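Q: My questions will all concern the structure given below.
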Amino acid sequence: MAHHEVISRSGNAFLLNIRESVLLPGSMSEMHFFLLIGISSIHSDRVILAMKDYLVGGHSRKEVCEKYQMNNGYFSTTL
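Have a look at this one:
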């Protein structure tokens, strides 16, 4: 469930939509994924491909970590 918070800075009020969110397998479009990668500090092709398989392709963390030889803890941190 979403809730809202109003913050004020320099006399301007901003309404923030705050909600608990999670990144689920297959929950993101390819376009949205590449837009986020474009503004992120992630440059590793292996990490980007693993994240794409997870977020766009819907593969499990276990499958992605095995395929790209990545530690599950490291993968979680990059997300």
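The working numbering puts the first residue of the sequence shown at -4, with every later residue one more than the last. Every residue, glycine too, gets a C-beta built ideally from N, C-alpha and C. If you're wondering where the values come from, they're calculated on a predicted model, not measured in any experiment.
Taking DSSP as the reference, what is the three-state secondary structure of S22?
A: coil
Q: Roughly how many angstroms separate the alpha carbons of F70 and S36, rounded to a whole number?
A: 15 Å
Q: Here's a check: name, in chain order, each residue in its chain whose Cβ is nearer than 6 Å to the Cβ of T73, leaving out the five neighbours to either side.
A: The answer, listed in chain order, is V42.
Q: From I34 to V59, what does the alpha carbon distance come to, in whole angstroms?
A: 23 Å
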